[in-house]
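Trainee:
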Amino acid sequence: MKRHLPVILLCAVLTAGLFTPLVTGASSPGFWVEVLLGGLMAGVLYSLVALGLVLIFKASGVFNFAQGAMVLFAALAVARLSEKMPMWAAVLIAIGIMVLFAVVVERLVLRPLVNQEPIALLMATLGVSYFLDGFGQTLWGGDIYKIEFGISKDPVMILESLFQGGILVNKDDMAAALVAIALVALLALFFQKTATGRALRAVADDHQAAQSIGIPLNRIWVIVWSVAGIVALVAGMVWGGKLGVQFSLAEVALKALPVVILGGFESVPGAIIGGLIIGVGEKMAEVFFGPVLVKTFDLAGGGIENWFAYVLALAFLLVRPEGLFGERRIDRV
Amino acid sequence: MFYRENGQFKATYRADEQMLPILQDRVFMFAVVAFAFLAMPFLATDYLFLSILIPFLILTLAAIGLNLLVGYCGQISIGHAAFMGVGAYAAYNLVLRLPQLNFLVVLVLAGLIAAAVGMLFGIPSLRIKGLYLAVATLAAQFFIDWMFARVKWFTNYASSGSVSTVPIELFGWKVQSPSDKYLFLLAVLVVFTLVAKNLVRGHLGRAWMATRDMDVAAEVIGIRPVYAKLTAFGVSSFYCGMAGALYGFVYLGSWEPAAFNLTLSLKLLFMIIIGGMGSILGAYFGAAFITVLPILLNQIPLWLGLSLSTATASHLESMIFGALIVAFLILEPHGLAKLWSIGKEKLRLWPFPH
Amino acid sequence: MEMRLKAKLMGVALAAGAALSMLASGPATAQAKGKEQAKEQFFPLLVYRTGPYGPNGTPWANAKQDYIKMLNARDGGINGVKITFEECETGYATDRGVECYERLKGKGPTGATLIDPQSTGITFALTEKAPIDKIPLITLGYGRSESQDGLVFKWNFPLMGSYWTAADIIIQHLGKKEGSLDNLKGKKIALIYHDSPYGKEPIPLLEERSKMHKFEFIKIPVTAPGVEQKSAWLQVRQLRPDYVLLWGWGVMNSAALKEAQATGYPRDKMFGVWWAGAEPDVKDVGEGAKGYNALNLQHSIGMSKVHQDIVKHVHDKGQGTGPKDEVGTVLYNRGLIIQMLAVESVRRAQERYGKKPLTGEQVRWGIENLALDQKKIDGLGFGGLMRPISTSCADHMGSMMARVETWDGSKWVFTSEAYTADEQILKPMVKAASAKYAEEKKIVPRTPADCQL
Amino acid sequence: MSGPGTPGDVLLEVEGVSLSFGGVTAINDISFDVREHEVRAIIGPNGAGKSSMLNVINGVYHPQQGRIRFAGETFTDMDPHRAAKMGISRTFQNIALFKGMSVLDNMMAGRNLRMTSGIFAQALRLGGAEREEIRHREAVERIIDFLEIQAHRKTPVGRLPYGLQKRVDLGRALAMEPRLLLLDEPMAGMNLEEKQDMCRFILDVNDEFGTTIVLIEHDMGVVMDISDRVVVLDYGRKIGDGVPDQVRSSQAVIDAYLGVTH
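Protein chains in written order, with the numbering used here: chain Z, 194 to 526; chain S, 440 to 793; chain B, 332 to 784; chain P, 680 to 941.
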């Protein structure tokens, strides 16, 4: 258990950091909870993107840099289509598009590059993401578009009895969280109960073995990329519904990388928990730790959330390279 | 017919260890360099200098640096623009605070500072590989970006956060006209190309490649991974640091932290993929390709008389970019450099194949 | 295999060929200089129609083109000198901007007339190059605030206003709301700014003002492109500032308004710079942005004569650059004004150098001696769109007025009279800053004698 | 039995080494010794822990228990670099050559430990660095001649046929001029002539350079011919140790191993 010590220490430090604002009275309990909620919301979005990454990595060993672009693409599709048709139709068509995309990627990218070293595949997905950015905007346009769910954007005060000033929450945030949870539940069912799901799990565990018992890898890839596409779609709608859909979404989605590092490339729960940790961590750091930093070093503004996630991930890598939930492997000679 | 190596026997190992063992290659290279130094300054227009040749030369230097790390030592980095940034800001502050320093000294110091930072962020590579390392380097990218945007000292308390430079002067030579800039950069690049070539054919280079190809075996024959990886990070950051300083002083003249952001890092990565991993020549090809491609894509419609909206053009650009990356990875993982050598092989047999 | 190899080599050959023709196009631009003078005045247009700032960059760029097309159609150019132009996409990125500048500066019989970089970051970079190439930069309502001082910044023209004037005017307005500037004492004013040279420009002035009136000045940077602002608004929620100044651009503005709505910060306590006060910033927030205020660079909204001419001579002929209904929107109007001032500068310069294509250097004189009174403006069809402006060697701004407009949920309406930025405060700051720059760059400020040239 | 260079005093001593991966025991309390100049064979069925044993000896794996004594120094766990420095080199069961490099470079890499010129000397290719390169090139060329692979000097190893790759692998190990050479199934997957060549090389190395050799081999015939003493492993335990004839006649060994195969 010696090798767990640093992890435990790191977690201890994080938890301590989480509660200091309360202890030192740097924040009222109510506001602290608000920041927590804000962090969790951001976390949910990160988790959704990370989820797509993990699915693809498990099944095809590809680290999909394009996940962010997929989110943008799907969101744009829904936003633009829903201008001309009811939302449900738009979503259905968008799903169709994402499946089509999965097929194309499998044919043109994965199959030719099969059993290349992971870095090559990473770069390939980089290419894919560039392509999607351009293609998405040519197809759907580069403006800011909105996805309307008809949920009021105005805040609501709750628990005013508990905290003075109450806690400010948003209906659409809540809705988003529920959607995310529902999605995760669905995925869980899909993996546990359906034959395809089991096949996917088999592939994830051991490609050769899976192939040898007659599971067609190519089909699995198409399926898993489609699923990832749908996850991206949900992420995109949640996100776009909040901020409006625009080119720059893809850049925010990059945050999913440290998330999967934290959670481990192969662990779905890891992706979710990792996302929440990062979300809460960076918001807390920005709101409470940032100003302190600015004062002490006379910085030109805070903005530490730009790197917090990555540096945290780095710290974790150094103490536990396999991530929170990943299992470590010994390479044989 | 003319490109033959038969009849050129190597009597000594020294002769065999030359950089370009084949006579024709030597002649060709010499001709190219001579042309670049003597003819180009008179042929090229200002536009060619300022928007193509100068960025091309600088980015080549950076690409060589990144290639030493990724192509030769097998350590991925998605954060090398940050090390260019370190070089640029280091140079800016050196010039600002020690104006008497000769710019060549500044350049080398900037490189060394970048090297130090690079090695620092290279330490994780001792424990983690591949994708994990990629994210570690992303951390470097974002943290360094942030640092230069926030710590006022680096930008000499400029309220806008953007810094501007004075023209370079070397021993009384004001490097200001486009052709002067070009010649200066060319000289620097040629020198450091030779250096890189020497490094990769020396035992350090072999240590890098061994670590890249089979790290366990490398360790077993006594190559210390710590040494191989950190030197690779150091040297490559040194190159990028110098490139950054030149990018700031010679090309941009004035820049804000965003000038060295993730996009540039990815660009560098694309250069070595397209140009050819583990090939110095590849860095040249890659840099040329990436510099010229977007401009071409903007120009071609004009020549064809098509009126393509600037928006469509730039969307097309990123599409073609992405497609090309994938295409290269599939068709020719070793990039343009490999095609070049294949071409030479063919030429060697020509006109009597087989 | 053999086939594939051939294909590959072919591909490379192709690429090489293309590259070569590229190199060829270099000299082509050079010849343009040499060839006998076509009666054309060339305007390079640096634009960004893509990326996070595209939505705002587009109407601006369209207006410039429309105005040029209109002039060519209506009056056959400037005193018979046809106007030509070429666009170049910068994507709001400095390095691309520099490349565009280098590509276009030599085009046309007399080279680039002047450059409107459409980005403060690019302006900073070009400020270093313009004096060498002798091409003036006009940065209407943006760019380097200290470049108002024409004695040091011979080639920069921040016409009609800078970020310092903008910030100053907002503070004046707040003072008015509070009854007097002294009542700002003890108030909290937060600046939420785009983390780039653009967003950082107003800070020095606001710091100056906060010293004067003893209000607490809070800086909250938002990383470009500014989609992710959660924590910025959490800070707002925590510190509860009395006013929030919004220095955003592109997608950042609408995102800010959405977050403000989500955190329940009253929109009517928010004041945006004139780059945060256009339709794209509020339209997809709609009702949520109701009450939000922003500066407006002097011009009113709605149609005036120039718009009618553009519709008549351009859009009705189906040559409109953008959609017809964007004519008359805020950023579109700004584009018109910029292009009009550019053209009038040429006209002014023609009075001195003759009615022929002019070089950037000659046009610079035109910009520096611009004098548009109300009569002229009405004549140009800009009546009501803008107020008189007159530049001089020492003052490259020409006028520093702005009004406050408010979004009523569907359109912008004016809610204040025109303010003029306070000379007393600005002058010394401009002098100090430009002096620092001159000293850094070893520039000798121009003498009145030099101004006569 | 052919008698190579007469065995001297003990060079390597393995004492009570145990190694396990997450509960799975690969090696269980094994002890044996290797004398100077001898050819020592380790045999045993698949999964007997032979390769693991070699990996322990040159520090790739770290045993949970036991000590290793090499050239008078004692280690509880070795690290590869140290092992290499002390003159232990090895070849790999499934060849671990540097695919991207030429035959020459692969073998030159074997000289790395002995090349001392600093980074600047190399960068500028100063006389010292140049001379050093050439000196070591000469050494490597001798080995190239010895292994009769002159023709393939500049070929990327990836392109060579299996048999030759095995040879280069050996060559790289020899380039280190080791005191102790660990050979992990040097003849696996070779045809008869190739095997004979390889045997010859091994014996010559042992004679000419007096290198001590520990080899893992499946081919009984080969093992019995060329080795002086044999250790027999089975399921990570040692079940036999001695000169080939003893081992041949040992009942335990016959049951566990020979019995099965013959």
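No residue lacks a Cβ here, since even glycine has one placed at the ideal position from N, Cα and C.
Bear in mind the structure is a predicted one, so any value in this text is a computation, not a measurement.
Taking CB distances under 9 Å as the criterion, tell me whether G807 of chain P reaches chain S.
Mentor: Here the question's residue 807 of chain P lines up with position 128 in the fourth sequence. No, G807 of chain P does not count as interfacial toward chain S.
Trainee: Classify D824 of chain P as buried or exposed, calling it buried when 16 or more other Cβ atoms lie within 10 Å of its own Cβ.
Mentor: Along the fourth sequence, one-based indexing puts residue 824 of chain P at 145. Exposed, because fewer than 16 other Cβ atoms sit within 10 Å of the Cβ of D824 of chain P.
Trainee: Is DSSP giving C878 of chain P helix, strand or coil here?
Mentor: As a position in the fourth sequence, residue 878 of chain P is number 199, starting the count at 1. Helix at C878 of chain P.
Trainee: If the criterion is Cβ atoms closer than 9 Å, does the pair Q772 of chain P and D904 of chain P meet it?
Mentor: In the fourth sequence, the residue the question calls residue 772 of chain P occupies position 93. In the fourth sequence, the residue the question calls residue 904 of chain P occupies position 225. No, these two residues do not count as a Cβ contact at 9 Å.
Trainee: With 16 as the cutoff for other CB atoms within 10 Å, does V689 of chain S come out buried or exposed?
Mentor: On the second sequence, position 250 is the one that residue 689 of chain S refers to. When all chains shown are included, V689 of chain S counts as buried.
Trainee: Cα separation between V349 of chain Z and I360 of chain Z?
Mentor: For the purposes of this step, residue 349 of chain Z is taken as the residue at position 156 of the first sequence. For the purposes of this step, residue 360 of chain Z is taken as the residue at position 167 of the first sequence. Whole-angstrom Cα-Cα distance: 8 Å.
Trainee: On the DSSP letters alone, give me the boundaries of the alpha helix (DSSP H) that H525 of chain B sits inside.
Mentor: Within the third sequence, numbered from 1, the residue matching residue 525 of chain B stands at position 194. Counting along the chain, H525 of chain B falls outside any alpha helix (DSSP H), though it belongs to the beta strand (DSSP E) covering K519 to H525.
Trainee: With a Cβ-Cβ cutoff of 9 Å, do G236 of chain Z and V473 of chain Z count as a contact?
Mentor: By 1-based counting over the first sequence, the position of residue 236 of chain Z is 43. By 1-based counting over the first sequence, the position of residue 473 of chain Z is 280. Yes.
Trainee: Can the beta-carbon of V765 of chain S be found closer than 9 Å to that of L410 of chain Z?
Mentor: Counting from 1 along the second sequence, the entry for residue 765 of chain S is found at position 326. Counting from 1 along the first sequence, the entry for residue 410 of chain Z is found at position 217. Taking 9 Å as the Cβ cut-off, V765 of chain S and L410 of chain Z do not qualify as a contacting pair.
Trainee: Scan the stretch 226-241 of chain Z for residues whose Cβ lies nearer than 9 Å to a Cβ of chain B and list them as they occur along the chain.
Mentor: Residues passing the 9 Å Cβ filter: E227, V228, G231, G232, M234 and A235.
Trainee: By the 10 Å Cβ neighbour count, where 16 or more other Cβ atoms means buried, how is F416 of chain B classified, buried or exposed?
Mentor: Numbered from 1 along the third sequence, position 85 holds the residue referred to as residue 416 of chain B. Looking at its Cβ environment, which holds 16 or more other Cβ atoms inside 10 Å, F416 of chain B is buried.
Trainee: Can you tell me whether H642 of chain S is buried or exposed, with buried defined as 16 or more other CB within 10 angstroms of its CB?
Mentor: The sequence position of residue 642 of chain S within the second sequence is 203, counting from 1. H642 of chain S is buried by the Cβ-count criterion.
Trainee: What residues in its chain sit with their C-beta under 8 Å from that of E538 of chain B, if we drop five residues either side in the sequence?
Mentor: As a working note, residue 538 of chain B is residue 207 in the third sequence. Within the same chain, E538 of chain B has close Cβ partners F548.
Trainee: At least one CB of chain S closer than 9 Å to the CB of M780 of chain P: is that the case?
Mentor: Here residue 780 of chain P is taken as the residue at index 101 of the fourth sequence, counted from 1. Chain S contact via Cβ: present.
Trainee: Assuming P542 of chain S contacts I607 of chain S (C-beta within less than 8 Å), just tell me the rounded distance between them.
Mentor: Sequence index remark: in the second sequence, residue 542 of chain S carries index 103 (1-based). Sequence index remark: in the second sequence, residue 607 of chain S carries index 168 (1-based). The sequence shown places Phe at residue 542 of chain S, not Pro. About 5 Å separates the two Cβ atoms, so the contact holds.
Trainee: Is G603 of chain B helix, strand or coil by DSSP?
Mentor: Taking the third sequence and counting its residues from 1, the one referred to as residue 603 of chain B is at position 272. Three-state result, G603 of chain B: strand.
Trainee: List, in order along the chain, the chain P residues whose C-beta lies closer than 7 Å to that of I795 of chain S?
Mentor: The displayed coordinates of chain S run from 440 to 793. Any statement about residue 795 of chain S would go beyond what the structure contains.
Trainee: For the stretch 849-893 of chain P, list the alpha helix (DSSP H) runs that are entirely contained and at least 4 residues long, ordered along the chain.
Mentor: If we require 4 residues or more, the alpha helix (DSSP H) runs fully inside the stretch 849-893 of chain P come out as 871-883.
Trainee: Can you pull the chain Z residues whose beta carbon is under 9 Å from the beta carbon of W585 of chain S, in chain order?
Mentor: The count along the second sequence starts at 1 and reaches residue 585 of chain S at position 146. In chain order: G496, I497, N499 and W500.
Trainee: Quick check on C419 of chain B: does DSSP put it in helix, strand or coil?
Mentor: Along the third sequence, one-based indexing puts residue 419 of chain B at 88. Residue state, collapsed to three classes: strand.
Trainee: Going by C-alpha to C-alpha distance, which of B:G581, B:H644 and B:L435 sits closest to D397 of chain B?
Mentor: One-based indexing of the third sequence puts residue 397 of chain B at position 66. Answer by Cα proximity: B:H644.
Trainee: For Y239 of chain Z, does the count of other Cβ atoms within 10 angstroms reach 16, so buried, or fall short, so exposed?
Mentor: Sequence index remark: in the first sequence, residue 239 of chain Z carries index 46 (1-based). Buried: at least 16 other Cβ atoms inside 10 Å.
Trainee: Please classify V922 of chain P: does DSSP put it in a helix, a strand, or coil?
Mentor: Position 243 of the fourth sequence, counted from the start, is the residue given in the question as residue 922 of chain P. Looking at V922 of chain P - three-state DSSP - the assignment turns out to be coil, as it is neither helix nor strand.
Trainee: Taking buried to mean at least 16 other C-beta atoms within 10 Å of its own C-beta, is T730 of chain S buried or exposed?
Mentor: Looking up residue 730 of chain S in the second sequence gives position 291. Buried.
Trainee: Quick check on the DSSP output: what are the complete alpha helix (DSSP H) runs of length 4 or more inside the stretch 320-372 of chain Z, in order along the chain?
Mentor: Within the stretch 320-372 of chain Z, no complete alpha helix (DSSP H) run reaches 4 residues.
Trainee: For A867 of chain P, return the contacting residues in chain S, with the cut-off set at a CB-CB distance below 7 Å.
Mentor: Counting from one through the fourth sequence, the residue named residue 867 of chain P turns up at place 188. Going along chain S, no residue has its Cβ under 7 Å from A867 of chain P, so there is no contact; the nearest lies around 17 Å.
Trainee: Under 6 Å Cβ to Cβ from A657 of chain S, same chain only, skipping five residues before and after it: list those, please.
Mentor: Reading the second sequence from its first residue, position 218 is the one you call residue 657 of chain S. The answer, listed in chain order, is A649 and T650.
Trainee: Return helix, strand or coil for Y379 of chain B, following the three-state DSSP convention.
Mentor: Walking along the third sequence from the start, residue 379 of chain B turns up at place 48. Coil.
Trainee: So, does the CB of A478 of chain S fall closer than 9 Å to a CB anywhere in chain B?
Mentor: Position 39 of the second sequence holds residue 478 of chain S. Not closer than 9 Å to any Cβ of chain B, the Cβ of A478 of chain S fails to qualify, so no.
Trainee: So, does the CB of N737 of chain S fall closer than 9 Å to a CB anywhere in chain B?
Mentor: Taking the first residue of the second sequence as position 1, residue 737 of chain S is located at position 298. For N737 of chain S, the answer is yes, since a Cβ of chain B falls inside 9 Å of its Cβ.
Trainee: Express the C-alpha separation of Q743 of chain P and G684 of chain P in angstroms, rounding to a whole number.
Mentor: For this step, residue 684 of chain P is matched to residue 5 along the fourth sequence. For this step, residue 743 of chain P is matched to residue 64 along the fourth sequence. Residue placement at G684 of chain P cannot be trusted, given a pLDDT of 45 that sits under 50; what the coordinates show is reported in the next sentence. So the alpha carbons of these two residues sit roughly 35 Å apart.
Trainee: Answer with buried or exposed for V696 of chain P, where buried requires no fewer than 16 other C-beta atoms within 10 angstroms of its C-beta.
Mentor: Your numbering for residue 696 of chain P matches position 17 in the fourth sequence. By the 10 Å Cβ count, V696 of chain P comes out buried.
Trainee: Return the CA-CA distance between A419 of chain Z and A295 of chain Z, expressed in angstroms with no decimal places.
Mentor: As a working mapping, residue 419 of chain Z is identified with position 226 in the first sequence. As a working mapping, residue 295 of chain Z is identified with position 102 in the first sequence. The amino acid at residue 419 of chain Z is misidentified as Ala; the sequence shows Ser. If I take the Cα positions, the gap works out to 5 Å.
Trainee: Check whether the Cβ of A313 of chain Z lies closer than 9 Å to any Cβ atom in chain S.
Mentor: The sequence position of residue 313 of chain Z within the first sequence is 120, counting from 1. Yes, A313 of chain Z counts as interfacial toward chain S.
Trainee: According to the neighbour-count rule (16 or more other Cβ atoms, all chains shown, within 10 Å of its Cβ), is E276 of chain Z buried or exposed?
Mentor: Looking up residue 276 of chain Z in the first sequence gives position 83. Burial call: exposed.
Trainee: Hey, would you say I340 of chain Z sits closer than 9 Å to V582 of chain B, going by beta carbons?
Mentor: Position 147 of the first sequence, counted from the first residue, corresponds to residue 340 of chain Z. Position 251 of the third sequence, counted from the first residue, corresponds to residue 582 of chain B. Not closer than 9 Å, so no.
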